[in-house]
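Those letters in the sequence shown? Residues 9 to 250, by my numbering.
Note that beta-carbon positions come from the ideal geometry of N, C-alpha and C, so glycine has one too.
Below is one structure, written out as structure tokens; the observations come after it.
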Amino acid sequence: MSDQSGRSDARASGDVKVRWLGHAAFEVESPGGTKLVIDPFIKDNPVTPEPLKKLDRYKSADKPNAILVSHSHGDHSADAKEIAKLSGAPVIGMVELVASLGLPSEQSKGGNIGGEIRVGDVSVHLVPATHSSEAGSPIGFVIEFAGGRTLYHTGDTWIMSDMALIEEVHHPDIILTCAGGGPYTQSPKVAALSIKKFFKPSVIVPMHYATFPVLATEADVRAVFAGDARAAIMKPGDTKSF
Ligand SMILES: [Zn+2]
């Protein structure tokens, strides 16, 4: 259901909670209470607020149902293993990446592009990204909530024509898009182009900027997304309901 009425029905059954920890790290909670941690680079993340760097919180208050890792680079995977150990939650990602963590089999939920992994009341779909990774291909994630609403975390990527197929298959309604530019990923301008060209979301959350000096600043990102009412420019530590 991607039409307006489908969306409002899904909305009526509860909002999706999104907390940005800075960079590509997010905590997402489904309307039904399934908690996901995505791309956990937290302890050494220069922009994560101090209280949120305490990984002990994943033992109880913020215990996730799964940890999603888009690719092997430290700015996405650094704390995945420790959070898995503290929480007992499984790690979801490319099969080679998950295997490289050496977790017990019940905590190793490796998949591959096109695959779907069920966690609580959500489905996690593994989708392509254009980047690199030391273990398996880099990916993005589409999280499908009960009722069909979807959230797309792009991982690290440049604009790519596969995004047309991600739209056709999954109709992402909330998009967490990498927009940091610099030497590594698409710039804010190209991130905005990717949305304009391929997607029809109701919410856009730019990410992967302002963490390090080589990346785009918040001002750069605001300048590009100014005038787009769908853009939610968050601060690290912010929680928003969409
Ligand atoms: Zn990155």
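Given a length threshold of 3 residues, each whole run of the beta strand (DSSP E) inside the stretch 99-180 is given here in chain order: 99-102, 116-119, 124-127, 130-136, 147-152 and 158-161. Judged by DSSP in its simplified three-state form, residue 45 adopts strand.
In terms of side-chain proximity, the C-beta atom of residue 32 is found nearer than 7 Å to a non-hydrogen atom of ligand 1.
Checking the DSSP bridge columns, you'll see residue 185 partnered with 214. For the options 79, 87 and 96, the alpha carbon positioned closest to that of residue 104 is the one of 79.
Looking at the backbone, the Cα of residue 70 and that of residue 43 are separated by about 8 Å. Cβ atoms of residue 245 and residue 217 stay farther apart than 8 Å, at about 15 Å. One alpha carbon belongs to residue 200, the other to residue 233, and they sit about 7 Å apart.
Shown here for residue 46: same chain residues with a beta carbon closer than 6 Å to its own, the five before and five after excluded, namely 34, 76 and 161 in chain order.
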